[in-house]
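Working notes, structure below.
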């Protein structure tokens, strides 16, 4: 049996961690790339009951992590509470933006990560909005293939940052439509 778990755990995605004690065959894998902002570290970790961890350890390659990555991962783990606090602030910003975008009559999604996906009337509008925001020094992603071709993806931050972003977005949307 295989289960999917999001790399966005720290931003509200569900976790299977509670199943570790209930079922002996469950491994929960975490990456440092999202919650810890450490994609360049190329580090992750596994949680599970001892027999599963031993089995995983038996097949791991030697030298799977560099010294600098290990040193940085140690620093990051020592700062876990600070990262957790930061993630809570980003979640608040994400939730603010999703609600604010919906107040414009646009569809918006994003509950398990640090980004919001916004749907516009057409692909052309999504790209035009993204281009006009870029002219203001605001970088978002648009121009996706189907089925999200009418969408724009926004990486979120703290509420004050998202309020500033939303003001710019609202002005652009009113001038495009």
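Numbering (my numbering), first residue to last: 1 to 177. We put the beta carbon where it would ideally sit given N, CA and C, even for glycine.
Contact the stretch 61 to 74 vs the stretch 131 to 145: 3+ CB pairs below 8 Å: no
Indicate whether residue 119 and residue 106 have their beta-carbon atoms separated by less than 8 Å. Counting from one through the chain shown, the residue named residue 119 turns up at place 119. Counting from one through the chain shown, the residue named residue 106 turns up at place 106. Result yes, Cβ atoms of residue 119 and residue 106 sit closer than 8 Å.
DSSP bridge partner residues for residue 115 (one or two, in chain order): On the chain shown, residue 115 is found 115 positions in, with the first residue counted as 1. DSSP lists 155 as partners of residue 115.
May I ask you to report which of helix, strand or coil DSSP gives residue 140? Counting from 1 along the chain shown, the entry for residue 140 is found at position 140. It is coil, neither helix nor strand.
Report the three-state DSSP secondary structure of residue 161 (helix, strand or coil). Start at 1 with the first residue of the chain shown, and residue 161 comes out as number 161. Here residue 161 sits in helix by DSSP.
Could you check which residue in 31, 57, 70 and 27 has the C-alpha nearest to that of residue 49? For this step, residue 49 is matched to residue 49 along the chain shown. Taking only the C-alpha atoms, the option nearest residue 49 is 27.
Nearest by alpha-carbon distance to residue 21: which of 47, 88 and 173 is it? By one-based count along the chain shown, residue 21 stands at place 21. Ranking 47, 88 and 173 by Cα distance to residue 21 puts 47 first.
Of the listed residues 54, 86 and 42, nearest to residue 72 (C-alpha basis): Position 72 of the chain shown, counted from the start, is the residue given in the question as residue 72. The option with the nearest alpha carbon to residue 72 is 42.
Going by DSSP in three states, residue 187 sits in which element: helix, strand or coil? Residue 187 is absent from the model: the chain starts at 1 and stops at 177.
Residue 178: first and last residue of the uninterrupted alpha helix (DSSP H) it sits in: Residue 178 is absent from the structure shown; the chain starts at 1 and stops at 177.
Measuring alpha carbon to alpha carbon, tell me which of 176, 24, 162 and 74 ends up nearest residue 98. Indexing the chain shown from 1 puts residue 98 at position 98. Of the listed residues, the one whose Cα sits closest to residue 98 is 162.
Suppose contacts are defined by Cβ-Cβ distances below 8 Å. Is residue 154 in contact with residue 140 by that definition? As a first step, residue 154 is located in the chain shown; it is residue number 154 there, counting from the start. As a first step, residue 140 is located in the chain shown; it is residue number 140 there, counting from the start. Yes, these two residues count as a Cβ contact at 8 Å.
Please work out which residues of its chain come closer than 6 Å, Cβ to Cβ, to residue 19, disregarding the five sequence neighbours upstream and downstream, and give them in chain order. Counted from its first residue, the chain shown places residue 19 at position 19. 26, listed in sequence order.
From which residue to which residue does the alpha helix (DSSP H) around residue 129 run? Along the chain shown, read from residue 1 onward, the residue named residue 129 stands at position 129. Start and end: 123 to 135.
Apart from the five residues on each side of it in sequence, which residues of its chain come closer than 7 Å, Cβ to Cβ, to residue 138? By one-based count along the chain shown, residue 138 stands at place 138. Cβ neighbours of residue 138 beyond the five flanking positions: 165 and 168.
So, using beta-carbon positions, are residue 129 and residue 152 closer together than 8 Å? One-based indexing of the chain shown puts residue 129 at position 129. One-based indexing of the chain shown puts residue 152 at position 152. Result yes, Cβ atoms of residue 129 and residue 152 sit closer than 8 Å.
Is the beta carbon of residue 125 closer than 8 Å to that of residue 76? The residue labelled residue 76 in the question sits at position 76 within the chain shown. The residue labelled residue 125 in the question sits at position 125 within the chain shown. Against a cut-off of 8 Å, the Cβ pair of residue 125 and residue 76 comes out as no contact.
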